[in-house]
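Below is one structure, written out as structure tokens, with a few remarks after it.
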Amino acid sequence: MDSLQAGLALAGGAILLGIIAYNAWVVRRNTPRQAERLEPEGPPESGEAADPALDAASLPAAPPVQGRLDERIDSIIPIALDAPVSGEELMARLPATHRIGSKPFAIEAHHRMTGKWEPPQHGWLYDACRAGVQLANRAGALTQVEFSEFVIKTQAFADAIGGAADSPDMLQEVARAKELDKFASEHDMQLVLDLRARATPWSLGFVNQQAAKLGFVAGAVAGRMVLPSPKAGMPHLVELSYDPQIALSDNKDNIPLHQIALSLDVPQVAPEENAFDSLLQAASALAQAMDGIITDPAGHALSEQAMSEIRAGLRTFYKALVKHKLPAGSPVARRLFS
Numbered sequence: 004m005d006s007l008q009a010g011l012a013l014a015g016g017a018i019l020l021g022i023i024a025y026n027a028w029v030v031r032r033n034t035p036r037q038a039e040r041l042e043p044e045g046p047p048e049s050g051e052a053a054d055p056a057l058d059a060a061s062l063p064a065a066p067p068v069q070g071r072l073d074e075r076i077d078s079i080i081p082i083a084l085d086a087p088v089s090g091e092e093l094m095a096r097l098p099a100t101h102r103i104g105s106k107p108f109a110i111e112a113h114h115r116m117t118g119k120w121e122p123p124q125h126g127w128l129y130d131a132c133r134a135g136v137q138l139a140n141r142a143g144a145l146t147q148v149e150f151s152e153f154v155i156k157t158q159a160f161a162d163a164i165g166g167a168a169d170s171p172d173m174l175q176e177v178a179r180a181k182e183l184d185k186f187a188s189e190h191d192m193q194l195v196l197d198l199r200a201r202a203t204p205w206s207l208g209f210v211n212q213q214a215a216k217l218g219f220v221a222g223a224v225a226g227r228m229v230l231p232s233p234k235a236g237m238p239h240l241v242e243l244s245y246d247p248q249i250a251l252s253d254n255k256d257n258i259p260l261h262q263i264a265l266s267l268d269v270p271q272v273a274p275e276e277n278a279f280d281s282l283l284q285a286a287s288a289l290a291q292a293m294d295g296i297i298t299d300p301a302g303h304a305l306s307e308q309a310m311s312e313i314r315a316g317l318r319t320f321y322k323a324l325v326k327h328k329l330p331a332g333s334p335v336a337r338r339l340f341s
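The numbering of the sequence shown is the working numbering, which starts it at 4 and goes up by one.
What follows is the structure, encoded as structure tokens:
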């Protein structure tokens, strides 16, 4: 082989090696970043789930919204009783449904001894009842059809316990519902930040692992993780979400995730919990750990000025809710904005 042939062979070999190296780099770049393998401190207990972040048994129950019927957001029908009725009898006559259309429906009884309204309980006597249906929520305002169903169900319950129901005017209550729905629609606020992979996409296990380090736990549905409130029984502070189809896939750790979303449901959380700061801190920590970039849902990078404007908007939002006696994080606000 002469020198020219040798040179061409060497050049060809170098090009081939370059192509192989480039292809290997592309494969690595497009392979989802995997979670670190952590050695267990001891043998797993029998029946222990392999992935606690996705174990259905470990999912935290959604915190119930506590609070009695409230005239600010409920249409209420009082039910007079000729004589006290036991909690057992009231419970036996309660309607089977807790909803009318898309609105929560409840019946409460007036405790003869304490004077408080509560769901009927065994072992107590009650001297009055009342039924209520929510005037509005994120599904919209109470309709005339829903109000009519409310009156019918309440009257049936009143007849069953020997009571007299005093229903309010339908047109007046529907007008109240529309007014409340208009206020809620104009003052609702949900903040969303996207976290996008700069180069190498992520695997689901990697996302779960990094989020868990910050305190996130599995949500109640596929494709969700939540950052719990430090206060027991209160709504979560921040939600992390991704494509639920990936979470349900048998091959989930080999499907690349290019972005996730972090969100804050503002009226659900009291301002003193500083949930917006938790949102920013979680986004920043995940961006650093996962080599991501924080953007708005349109893909625009967020500036300090944008953050300042959001903070100012939050202050205005909180003041508006307080002015209407619906402070963020209160049971009544959590019910309205649900």
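We put the CB at the ideal spot given by N, CA and C, even for glycine.
If we ignore side chains and look at the alpha-carbon of each, how far apart do I263 and V210 end up?
-> 9 Å
Under the three-state reduction of DSSP, which class applies to I263: helix, strand or coil?
-> strand
So what does T298 bridge to, in DSSP terms?
-> D197 and A304
Alpha carbon to alpha carbon, how far is A131 from A95? Give it in angstroms, no decimals.
-> 16 Å
For the candidate residues A214, K328 and S341, whose alpha-carbon lies nearest to that of E74?
-> K328
Report the residue ranges of all beta strand (DSSP E) runs contained in full by the segment 222 to 267; include only those spanning at least 3 residues, in chain order.
-> 227 to 230 and 241 to 244
Would you call the CB atoms of F279 and H190 closer than 8 Å?
-> no
Per DSSP, what kind of secondary structure is G2 in: helix, strand or coil?
-> In this structure the chain extends from 4 to 341, so residue 2 is not present and cannot be described.
Where do the N-terminal and C-terminal ends of the alpha helix (DSSP H) with V136 fall, by residue?
-> Not the alpha helix (DSSP H): V136 falls in the beta strand (DSSP E), residues L128 to Q137.
Please specify which runs of the beta strand (DSSP E), each continuous and at least 3 residues long, are wholly inside the segment 153 to 200, giving them in chain order.
-> 166 to 168 and 193 to 200
Which first and last residues belong to the alpha helix (DSSP H) in which F279 is found?
-> A278 to M293
Return the first residue and the last residue of the beta strand (DSSP E) that F108 is part of.
-> K106 to H114
Simplified DSSP assignment, three categories, for A309 | helix
In three-state terms, what does DSSP make of P141?
-> This sequence places Arg at residue 141; Pro is not what is there. Of the three classes helix, strand and coil, the one that applies to R141 here is coil, per DSSP.
Residue range of the unbroken alpha helix (DSSP H) whose run includes G208 | L207 to K216
Using alpha carbons as the reference points, say which of M116, P204, L196 and F150 lies closest to H261.
-> P204
Coarse secondary structure for E74, derived from DSSP in three states | coil
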